[in-house]
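Numbering (our numbering), first residue to last: 21 to 158.
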């Protein structure tokens with residue numbers, strides 16, 4: 021049996037997000053939400069549509085080094101498990117000053133990172149959310 025030892029790996033440590041950056045992220049994400057996501061994807065609830073769930077709200081949440089964009093759906097089909105539920109569709113991971121990794125939520129329940137390497141700036145990540153089909157909210 022081989023002896024195993026623990027070795028310090030500085031690359032595993034994640035840099036904490038500063039208060040200044042947290043405030044900047046809040047301002048940019050609020051603006052992105054109000055100017056792009058909500059006008060494009062949120063519609064008034066139609067009680068006659070009983071074929072599919074409807075997106076009734078989009079919001080974002082920041083926890084630690086992650087920013088999650090989530091949709092709230094309302095489903096009035098007879099076989100629906102819940103009438104309202106949240107579903108995440110995008111995640112930004114803070115890596116370094118002004119750099120983020122962008123990921124989308126797959127049907128398998130896993131986050132799949134799209135940007136690799138050093139990361140992208142926050143405006144570049146939001147542009148990717150606009151352009152790529154992975155982030156289309158139904």
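Using N, Cα and C, we set each Cβ at its ideal position, and we do this for glycine too.
| Query | Result |
| --- | --- |
| Validate contact between the segment 91–102 and the segment 121–137 using beta carbons, cut 8 Å, 3 pairs | no |
| Element boundaries [alpha helix (DSSP H), containing residue 151] | 142–151 |
| Segment limits, beta strand (DSSP E) that includes residue 64 | Where residue 64 is concerned, there is no enclosing beta strand (DSSP E), given that its DSSP letter is neither H nor E. |
| C-alpha distance - residue 72 paired with residue 40, whole-angstrom precision | 41 Å |
| Span of the beta strand (DSSP E), counted from its first residue to its last, around residue 98 | That residue, residue 98, is in no beta strand (DSSP E); it is neither H nor E in DSSP. |
| Cut-off 8 Å between Cβ atoms - residues of its own chain near residue 10, not counting five sequence neighbours on either side | Summary: the structure shown does not reach residue 10, with the chain confined to residues 21 through 158, and so no result is reported for it. |
| DSSP state of residue 121 mapped onto helix, strand, coil | strand |
| Buried versus exposed call for residue 149 [16 or more other C-beta atoms within 10 Å across all chains shown] | buried |
| Beta-carbon proximity check, residue 157 vs residue 61, cutoff 8 Å | yes |
| Element boundaries [alpha helix (DSSP H), containing residue 47] | 39–52 |
| Residue range of the unbroken beta strand (DSSP E) whose run includes residue 116 | 104–116 |
| Opening and closing residue of the beta strand (DSSP E) in which residue 81 lies | 74–83 |
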